[in-house]
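**Student:** Pasting a structure below so you can have a look.
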Amino acid sequence: MLSHRQEKLIKSLHTEKGREKAKLWLVEGMKCLESAGPAVQLRFGPEDSHHFTQLTTTDTPPSIAGLAVAPQFQLNDITTKKTILVLDHLQDPGNVGTIIRLAKAFNAGLILCECADPGNSKVIRSSAGLVFTTPWIIMSPQMVSEWLTETDFIIYRLENRRGAQELNAQSSKFLSADKIIIVVGSEGQGIKLKVAGQAIAIQHDPSVDSLNVATAVAIALFLRYQKNNNKL
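Counting in our numbering, the final residue of the sequence shown is number 213, and the numbers go up one at a time with none missing.
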């Protein structure tokens, strides 16, 4: 059985402040625990606590949960990738988690700038636990802006604005460039970072206001991945 002290620790991980203090994350569900791998320090289920439903965060409690050490990636882990995503003020944890999963699938690294906390349980679930193995780091807007002015990566801004180039299978420079950065903003606010770059847009039926940000990222990453693997 879990001790009172362990239960108190687990409940504290429901908040970003608690996760930061403990350097631990609450991981829910077998799939996410398997993805977390050796980072998992403790596993527990309904048989280990009479308060299991209060210790987990989903409406339908998982069959198992655990505590895992928060991953620690370095900038070098990101810059070894040929495609880097800069997520600018994405606050929806579902979108952030889904994009992390997409980055793993299409071999990209991530920089999170004032985004939803990657240790948020919904981020972990939406990433299918791949937040533990997909390289990401957190940077402030100032740090990101300074880094982008020094990098030799070609910078693209994924946004539907006047002058944007249409992104498709014939987008030769976007697809063939060795190293690129794709800056992505939220659907509501767009890109807030003051950074120069070629705007690229995904054309769609005008009766639809905009694409979900994770969907747009999926299309962009898929095209890059297909080209790099000689499928286009």
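By construction, the Cβ of each residue, glycine as well, lies at the ideal position given by its N, Cα and C atoms.
Just so it is clear, the structure is predicted and the values come from calculations on it, not from any experiment.
1. Hey, out of Arg24, Thr115, Ala51, Asn101, whose CA is closest to Ile92's CA?
2. Is Arg142 closer than 7 Å to Ala180 when the C-beta atoms are compared?
3. Check whether the Cβ atoms of Arg138 and Gly178 lie closer than 7 Å to each other.
4. Thr60 lies in the beta strand (DSSP E); which residues open and close that run?
5. Checking 7 Å against the spacing of the C-beta atoms, do Ser121 and Gly75 come in under that value?
6. Roughly how many whole angstroms lie between the Cα atoms of Gln72 and Cys94?
7. Applying the 10 Å Cβ sphere with the 16-neighbour rule, what's the burial state of Asn210?
8. Would you tell me roughly how many angstroms separate the C-alpha atoms of Val112 and Val164, rounded to the nearest one?
9. Which of the three DSSP states is assigned to Ala49 in this structure?
10. Shortest alpha-carbon distance to Gly100 belongs to which of Lys12, Ala17, Lys208, Arg205?
11. Can you name the start and end residues of the beta strand (DSSP E) that Thr37 belongs to?
12. Using the beta-carbon count (16 or more within 10 Å), is Val67 buried or exposed?
13. Quick one: what's got a C-beta closer than 6 Å to Gly10's C-beta in the same chain, skipping five residues either side?
14. How many whole angstroms separate the CB atoms of Ile65 and Gly90, which I take to be in contact at a CB cut-off of 8 Å?
15. Just tell me which of Asp29, His(-15), Lys(-11), Lys173 has its CA closest to the CA of Ala46.
16. Residues in its own chain within less than 6 Å of Thr79 by CB, not counting five upstream and five downstream?
**Tutor:** In brief:
1. Its Cα nearest to that of Ile92, the residue Thr115 stands out among Arg24, Thr115, Ala51, Asn101.
2. Cβ distance < 7 Å, so Ala180 and Arg142 count as in contact.
3. It is a contact, given that the beta carbons lie within the stated cut-off.
4. Taken as a continuous stretch (DSSP letters only), Thr60 belongs to no beta strand (DSSP E), being part of the alpha helix (DSSP H) at 56 to 60.
5. It is not a contact, given that the beta carbons lie outside the stated cut-off.
6. Their backbone Cα atoms lie some 10 Å apart in a straight line.
7. Under this definition Asn210 is an exposed residue.
8. Distance between the alpha carbons of Val112 and Val164: 19 Å.
9. In the three-state DSSP reduction, Ala49 falls in the strand class (E or B).
10. Relative to Gly100, the option among Lys12, Ala17, Lys208, Arg205 whose CA is nearest is Ala17.
11. Counting along the chain, Thr37 falls outside any beta strand (DSSP E), and DSSP gives it neither H nor E.
12. Under a 10 Å Cβ-count criterion, Val67 is classified as buried, with 16 or more other Cβ atoms of the shown protein chains found around its own Cβ.
13. Cβ neighbours of Gly10 beyond the five flanking positions: Pro43.
14. Going by Cβ atoms, the distance from Ile65 to Gly90 rounds to 5 Å, so yes, they are a contact pair.
15. When each option's Cα is compared against that of Ala46, the closest is Asp29.
16. These residues qualify, in order along the chain: Ser107, Ala195.
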